[in-house]
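Just so it is clear: in the sequence shown, position 420 is 419 by numbering that gives the first Met the number 0, and no numbers are missing.
Where a beta carbon is used, it is the ideal one built from N, C-alpha and C, also for glycine.
Here is the structure we will look at.
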Amino acid sequence: MTLVCVALVCLTGLGLLRFLFPGPLRWSLHNLLLMSLGAGAGMGIASCLYFLTLVLAGPNLAVLAALEAAVLIAAVVLAMRAKPRGDALSWTSGPAVTWYLTALFFAVAALAAILFLTHSASKPHGEWDAWSIWNLRARLLFRSGELWKNAFSSQIAWSHPDYPVLVPGVIAMSWTLARSESTAVPIAVAFLFTFATAGVLVASLGALRGKAQAWVGGALLLGTVAFVEIGAMQYADVPLSFYILATLALLCLQDRYPGDSRFTILAGLTAGLAAWTKNEGLLFVVAVVAARAFAIFRFGNRTALARQLGALAAGLAFPLAILTFFKLRFAPPNDLTSKNPAEIIAHVTDFGRWVTVVVGFVKAALSLGSFLIPIVLVLALYWYLVRFHVEERDRLPLATAAVALGVMFLGDFAVYILLSNDVNWQVNTSVDRVFLQLWPAGLLAFFLAAKAPQLAAQPKVAEKSKAARHGSKPHRRAAETR
């Protein structure tokens, strides 16, 4: 029953996506994107609604069930009544793709699923952050009844009660509706976020750059052992990476279909849900708004700037309102942001901190993903073989993604320098995960810039020209002979 609740939450998100982007009910790239985005959107919205019911009605099962059922029915009805608007997303044209590249992606995906499920079977409660933060918060919300506010008590500061509630919220909501606590729910939530991230990457690259880039990018993401393992550990870094990727992918699609603001509104929603997932998500909201404004001003139609930012704000409004209320009303002070100016100045002037953080970032870049060969070298080789070629139409989306990721990177670096107490411990325990938060979106930006690989042999131009010039003469001679 608990897994049924998770499935219904995802169905709500899919209904919303099919209402916004209706299309034929068949297997297609369009529906792959809708299913992947729908899973994340559904879980994010459900978490927001769960928190609202706690605030307004307390732990009331009847109210929660009625609200979630009403939203589900509304989403399904709207999806069924929606009429097609615009073209459905499809594979963009590109070089021919050999069968073994497609087979490689599905083989890597199967191995990733086996790795995830094996890890989950051996450690169904996840790893340290799952025990001490995310699942602990979900259990406190589920078990505490009228005392649910104790989940955010400053007396358990070691569990970071100021962290946003998206992941614990959707888990606790499923347990509440099923009236049963099961490790299957956090495992299912983690599985959905991990593989929905790959689905968004493949679908967006397929629509923007073609099959070759989509299969290679998807295989690289699911071949990143650390990414799959962090997902199986039930950490919130993978859900955050999902929302970061989804936001930037939707803005890239917006630029491919500039007359349709639905992509930007949905991008605002996913950016807001990133902020509702982890504190780093707030930095991402600032980064993506700044990046979008810069990219439009530099590469786009400046007259569309106000409309684009307005659409982004419309999507951001609901999750940011929930987050703001949570931070002001329930969350205790954050241990990083409660520094006084004297402490910050002391950190900035400490040369050793700079060395520690720079070395940590370099090591994280070289060891990213736990590949046998540093992935940065693999990407450098790929670039050397195919090179970058940014078309005119891709400059705006690529600038948006690159600037947003750059601001995130610099912001994370600044947090380590300015705010960390024990910077050695902070870097050693978290910098790898910070890089993985940006990894899927980084792959999107990389393959948006890279040329598609030429894997299949193409007919020689000279032979084709010769055939075009002389193809009819043998037929005439044959006719004369007869």
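Give me the Cα-Cα distance between L45 and V358, rounded to the nearest whole angstrom. Stepping through the sequence shown from its first residue, residue 45 is reached at position 46. Stepping through the sequence shown from its first residue, residue 358 is reached at position 359. At residue 45 the sequence reads Ala, which differs from the Leu that was named. Distance from the CA atom of A45 to the CA atom of V358, rounded to whole angstroms, is 40 Å.
Excluding the 5 residues preceding and the 5 following M407 in the sequence, name in chain order all residues of the same chain whose CB lies nearer than 7 Å to its CB. One-based indexing of the sequence shown puts residue 407 at position 408. Hits under 7 Å: L282, F283, A286 and L437.
Do V375 and A364 have their C-beta atoms within less than 9 Å of each other? Working through the sequence shown from its first residue, we reach residue 375 at position 376. Working through the sequence shown from its first residue, we reach residue 364 at position 365. Yes, they are a contact pair.
CA-CA distance, A486 and G222? Here the chain covers residues 0 to 481 and nothing more, so residue 486 does not appear.
Counting only the same chain and skipping the five closest in sequence on each side, list residues whose C-beta sits under 7 Å from that of A403. For this step, residue 403 is matched to residue 404 along the sequence shown. L247, A286, V287 and A290.
I believe L165 touches P238 by the beta-carbon criterion, under 8 Å. Please report the beta-carbon distance rounded to the nearest angstrom. Position 166 of the sequence shown, counted from the start, is the residue given in the question as residue 165. Position 239 of the sequence shown, counted from the start, is the residue given in the question as residue 238. About 7 Å; that satisfies the 8 Å criterion.
Tell me whether the region 305-315 and the region 119-133 touch, counting them as touching only if at least three CB pairs, one residue from each stretch, are closer than 8 Å. Fewer than three pairs of CB atoms, one per stretch, sit closer than 8 Å, so the region 305-315 makes no contact with the region 119-133.
Which residues in the same chain as V227 place their Cβ atom closer than 7 Å to its Cβ, once the five residues preceding and following it in sequence are excluded? Within the sequence shown, residue 227 is the residue found at index 228, counting from 1. Result list for V227: A111, L114, F115, T193 and L221, in chain order.
I want to know whether the region 72-85 touches the region 13-33 - three or more CB-CB distances under 8 Å. With the rule of 3 Cβ pairs closer than 8 Å, the region 72-85 counts as touching the region 13-33.
Does the Cβ of F241 have 16 or more other Cβ atoms within 10 Å, making it buried, or fewer, making it exposed? As a first step, residue 241 is located in the sequence shown; it is residue number 242 there, counting from the start. With 16 or more other Cβ atoms within 10 Å, it is buried.
Reduced DSSP category for L7 - H, G, I as helix; E, B as strand; rest coil: By 1-based counting over the sequence shown, the position of residue 7 is 8. Helix, per DSSP.
Going by the beta-carbon positions, is the gap between A171 and Y49 smaller than 9 Å? Within the sequence shown, numbered from 1, the residue matching residue 171 stands at position 172. Within the sequence shown, numbered from 1, the residue matching residue 49 stands at position 50. Judged by beta-carbon spacing, Y49 lies within the 9 Å limit of A171, meaning their Cβ atoms are closer than that value.
So which of S152, D349 and S203 has the shortest CA-CA distance to L447? Reading the sequence shown from its first residue, position 448 is the one you call residue 447. Closest option to L447, Cα to Cα, is S203.
Please report the distance separating the alpha-carbon of W353 from that of S260. Along the sequence shown, read from residue 1 onward, the residue named residue 353 stands at position 354. Along the sequence shown, read from residue 1 onward, the residue named residue 260 stands at position 261. Straight-line Cα distance between these residues: approximately 42 Å.
Around the C-beta of F139, are 16 or more other C-beta atoms found within 10 angstroms, so that it is buried, or is it exposed? Locating residue 139 in the sequence shown gives position 140, where the first residue counts as 1. Note that residue 139 corresponds to Leu in the displayed sequence, not to Phe. When all chains shown are included, L139 counts as buried.
Please determine, among I186, A106 and A61, the residue with the shortest C-alpha to C-alpha distance to H118. For the purposes of this step, residue 118 is taken as residue 119 along the sequence shown, with counting starting at 1. Ranking the options by Cα distance to H118, first place goes to I186.
Of the residues R328, A206 and G22, the one placed nearest G93, counting alpha carbons only: Here the question's residue 93 lines up with position 94 in the sequence shown. Closest option to G93, Cα to Cα, is A206.
Can you give the Cα-Cα distance for S121 and M232, rounded to whole angstroms? Your numbering for residue 121 matches position 122 in the sequence shown. Your numbering for residue 232 matches position 233 in the sequence shown. Rounded to the nearest angstrom, the two C-alpha atoms are 11 Å apart.
Whole angstroms is fine: what's the gap from Y256's alpha carbon to T101's? By 1-based counting over the sequence shown, the position of residue 256 is 257. By 1-based counting over the sequence shown, the position of residue 101 is 102. Spanning the alpha carbons of Y256 and T101 requires a straight line of approximately 27 Å.
Can you tell me whether F329 is helix, strand or coil according to DSSP? The residue given as residue 329 occupies position 330 in the sequence shown. Coil.
In whole angstroms, what is the alpha-carbon distance linking L88 and L28? In the sequence shown, residue 88 corresponds to position 89, counting from 1. In the sequence shown, residue 28 corresponds to position 29, counting from 1. Distance between the alpha carbons of L88 and L28 is about 6 Å.
Hey, would you say V201 sits closer than 9 Å to L36, going by beta carbons? Here residue 201 refers to the residue found at position 202 when the sequence shown is read from its first residue. Here residue 36 refers to the residue found at position 37 when the sequence shown is read from its first residue. In this structure, V201 keeps its C-beta atom at 9 Å or more from the C-beta atom of L36.
3 or more residues per run - each beta strand (DSSP E) lying fully within the region 184-234: You should have found no qualifying run.
Inspect the CB distances between the region 308-321 and the region 410-418 and report whether three or more fall short of 8 Å. Verdict: no, contact absent.
Indicate, with yes or no, if the ligand HEM has a heavy atom lying under 8 Å from the CB of L19. Because no ligand of any kind appears in the structure shown, any question about the ligand HEM cannot be addressed here.
Alpha-carbon to alpha-carbon, T428 and V460: Walking along the sequence shown from the start, residue 460 turns up at place 461. Walking along the sequence shown from the start, residue 428 turns up at place 429. At V460 the pLDDT is 46, less than 50, meaning the model places this residue with poor confidence; the figure from the coordinates comes in the next sentence. V460 and T428 have their C-alpha atoms some 56 Å from each other.
Proximity below 9 Å, CB of S153 to CB of P163: On the sequence shown, position 154 is the one that residue 153 refers to. On the sequence shown, position 164 is the one that residue 163 refers to. Remark: C-beta atoms of S153 and P163 do not approach each other more closely than 9 Å.
W157 beta carbon less than 9 Å from that of Y234: By one-based count along the sequence shown, residue 234 stands at place 235. By one-based count along the sequence shown, residue 157 stands at place 158. Between Y234 and W157, the C-beta gap is not smaller than 9 Å, which leaves the two residues out of contact.
Length at least 4, wholly inside the region 363-420: the alpha helix (DSSP H) runs in chain order: Fully enclosed alpha helix (DSSP H) runs of 4 or longer: 374-385 and 394-417.
What do you reckon, are the CB atoms on G280 and A270 nearer than 9 Å? Counted from its first residue, the sequence shown places residue 280 at position 281. Counted from its first residue, the sequence shown places residue 270 at position 271. For G280 and A270, yes; Cβs fall inside 9 Å.
Within the region 269-296, ranges of the beta strand (DSSP E) (whole runs, at least 3 residues): Counting whole runs of 3 or more residues, the region 269-296 contains no beta strand (DSSP E) stretch at all.
Assign A451 to one of three DSSP states: helix, strand, or coil. Sequence index remark: in the sequence shown, residue 451 carries index 452 (1-based). In the structure shown, A451 sits in coil (DSSP, three-state: anything other than H, G, I, E or B).
DSSP three-state label for A87, please. As a working note, residue 87 is residue 88 in the sequence shown. Three-state result, A87: coil.
At the level of alpha carbons, what is the spacing between A218 and A106? Here residue 218 refers to the residue found at position 219 when the sequence shown is read from its first residue. Here residue 106 refers to the residue found at position 107 when the sequence shown is read from its first residue. So the alpha carbons of these two residues sit roughly 9 Å apart.
Could you name the residues of the same chain whose beta carbon sits closer than 6 Å to that of P373, not counting the 5 residues immediately before and after it, in chain order? As a first step, residue 373 must be located in the sequence shown, where it is residue number 374. Excluding residues within five positions, the ones whose Cβ falls inside 6 Å are L365.
Simplified DSSP assignment, three categories, for Y482: Shown here, the chain extends from 0 to 481; a query on residue 482 therefore has no answer.
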